[in-house]
Structure formats: C-alpha cells, structure tokens
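So the structure is just underneath, and the comments pick up after that.
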Amino acid sequence: MTAPTESLLIFGAGGFARETAQAVRDAAAADRERGRAPRWRLAGHLDDDPALHGREVDGVPVLGAGELVHAHRHRDARVVVCVGSPRDYAVRARLVRRLDLPESRYATVVHPTAAVSASSVLGPGSVLLAHCVLTAAVRVGAHVAVMPHAVLTHDDAVGDFATLASGVRLGGGVRLGRGAYVGAGALVREDTTVGAWSLTGMGSTVLADVPPGEVWAGSPARRLREAGGPALDELRADGGDTGRGPAARTGAETRMRPETRMGSTVG
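In structure tokens:
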C-alpha cells in the first residue's frame, strides 16, 4: 500500500536546502513515473533571515522563521533541517535543539538516484543527495547530511549531525563521530575513526584516527589545529564524546524497503 503524500518543510534556504528541495522534486517525479503518489509535498522553506520571508528560492516560497514548525497550520508537516557549512558545522545540532520536535516529525529524504542497500539504516532528519551509495550494513544516524557522489561502504557507522561533503569515500568499517565534518573529495581508510565534532579538509587522505574536536587536512592528513568554538562547545556539551559512531537507534532508524531503496524518499 502506497503511503499518503505528506507536507514537508525545509529549514534553511541556502545551498544545502535548495539541493534538498530539488531532491524532493526529483523523487516526486520518479514516484509519478512509477504510478504512485509522491511521498512529499514541498510546502516551503523556513529561514530566520527576515529579508527572505515572502520571497521564493528556486520557485519554492520562504514562509517565515523556523518557529513556524509549531504553527497550527503546519502541525502535521514533516521537517528536515538543511543548514551548515565548514565555517559552522554545529549549527544543525543547535537548531534541532531549538525546535524541540519529536523524532516523528522529522523526514528522511533520499534522492532517487541514491543506491541504499536493504541492510543499511537511516536516522530521522537525514538527507542523501544524488548518486550517494550505501553498500552493506551502513548505519547513518539522525540529521546527517550526505552530499552528492559520497560512497559509504560495508559496516560504516555515521554519528548524528555528521556531514559528508560531495565525493567523500569511506572504506569499510569507518566510524564517523557525532557532528564530524568530512570535506569534499576526502578519502578515509578502512577501520578508521574520525572523532566527534572534528573537521577533515577537502581532498584529504585519512590514514589514521582523527581525535575529537580537531581539524586535519592533507595527504596523508595531519593535525592542523583545534576545531572552531561552536564545534568544541558541542563536544563539551556531549561530555567529550570519543567519536565511536552512533549509538543504536532501533526505534528511530529507517530501514530501506526493497521497493524504495533504489531511490525514493522515506520517512
């Protein structure tokens, strides 16, 4: 039985949010081609910048600030938070805390060209963009951003709020800690841990464990400095998480069904 179409709000109106909106439109088109109702109806963007309110971004209206998720007219809408950059990759965690929504309100969005194995699981609020691959027994936590052409191989575990920029490649058994940011084109060796709230620079080759709360870059990657203030604040708030990947989320994860794992959105 096909699930009914649900309303979706995207928090953010920048690049990541626009890419997510396009993924939702592409998934809707793929659903229609298969003769089924689209999973989502894109209701609009939310953004805290008042200059954007009432405008359209790529044809999608910016309805107002983030607190609209609590408005009566949007009480049944699902939400996905699509913000963050290397300059402040902890912002997604702060906004999720601020919204204080139950996990059931968060959508999980998967572009129709993504390939996600039936043995892999996705947490609420996570986004997989075009041509991502999750091969076997990959565990992705909540509110994770996976950019185009990222490849996660067998037994990888990705903590909540992590970001994998475009073209990232993870070897088997890699652990990304909570909030870790892996820059575009980075390669991470098998059975390596990238610590919580750390940042790995674009194009890096990670051959050794990256401690929590540090910035590493290069080939091979080496320590450059401590992470920025917002990331360290999150690390301290987490009690100095060791970056061993996400805890079990059996109630919150989304296991991809065979009929959807090759490209539709799931919630």
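First residue of the sequence shown? That's 11 in the working numbering, and the numbers climb one at a time after it.
Quick reminder that beta carbons are idealized off the backbone N, C-alpha and C, glycines included.
Measuring CB to CB, does residue i end up less than 8 Å from residue j?
i, j, result
"glycine 213", "arginine 188", "no"
"glycine 135", "valine 91", "yes"
"valine 216", "leucine 242", "no"
"valine 137", "leucine 111", "no"
"proline 132", "threonine 145", "One detail in the question is off: residue 132 reads as leucine in this sequence, not proline. Result no, Cβ atoms of leucine 132 and threonine 145 do not sit closer than 8 Å."
"valine 184", "leucine 209", "no"
"glycine 195", "glycine 223", "no"
"alanine 31", "aspartate 68", "yes"
"glycine 228", "glutamate 200", "no"
"valine 205", "valine 192", "One point to set straight first is that residue 205 is glycine, not valine, in the sequence displayed. No, the Cβ-Cβ distance between glycine 205 and valine 192 is not below 8 Å."
"phenylalanine 26", "alanine 155", "yes"
"alanine 47", "threonine 15", "yes"
"leucine 19", "histidine 84", "yes"
Here's the rule I'm using: 16 or more other beta-carbon atoms within 10 Å means buried, otherwise exposed. How should residue i be labelled?
i, result
"glycine 22", "buried"
"arginine 115", "buried"
"proline 256", "Any reading at proline 256 needs caution, since the residue's pLDDT is 44, under 50, leaving its predicted position unreliable; the model's value is listed next. By the neighbour-count rule (16 or more Cβ atoms within 10 Å), proline 256 is buried."
"histidine 153", "buried"
"serine 95", "exposed"
"histidine 80", "exposed"
"aspartate 248", "buried"
"glutamate 29", "buried"
"glycine 151", "buried"
"glycine 239", "exposed"
"histidine 82", "exposed"
"alanine 128", "exposed"
"valine 234", "Reading the sequence as shown, one finds leucine at residue 234 and not valine. The residue in question, leucine 234, is exposed, as its Cβ has fewer than 16 Cβ neighbours within 10 Å."
"alanine 160", "buried"
Can you check DSSP and say which residues form a bridge with residue i?
i, result
"valine 70", "Val67"
"aspartate 98", "Ser95"
"threonine 202", "None; threonine 202 has no bridge partner."
"leucine 186", "Val168, Val204"
"arginine 88", "Leu18"
"glycine 211", "Its beta-bridge partners do not exist; DSSP assigns none."
From which residue to which residue does the beta strand (DSSP E) around residue i run?
i, result
"phenylalanine 21", "16-21"
"glycine 54", "50-56"
"glycine 193", "Here glycine 193 belongs to no beta strand (DSSP E), and DSSP marks it neither H nor E."
"glutamate 77", "Unbroken run through glutamate 77: none, as it is neither H nor E."
"alanine 61", "It is not in any beta strand (DSSP E) - alanine 61 carries neither H nor E in the DSSP assignment."
"arginine 235", "231-236"
"glycine 228", "224-228"
Taking the continuous alpha helix (DSSP H) assigned at residue i, which residues delimit it?
i, result
"alanine 31", "25-43"
"alanine 247", "239-247"
In chain order, which continuous runs of the beta strand (DSSP E) of length 3 or greater are located wholly inside the region 100-181?
none
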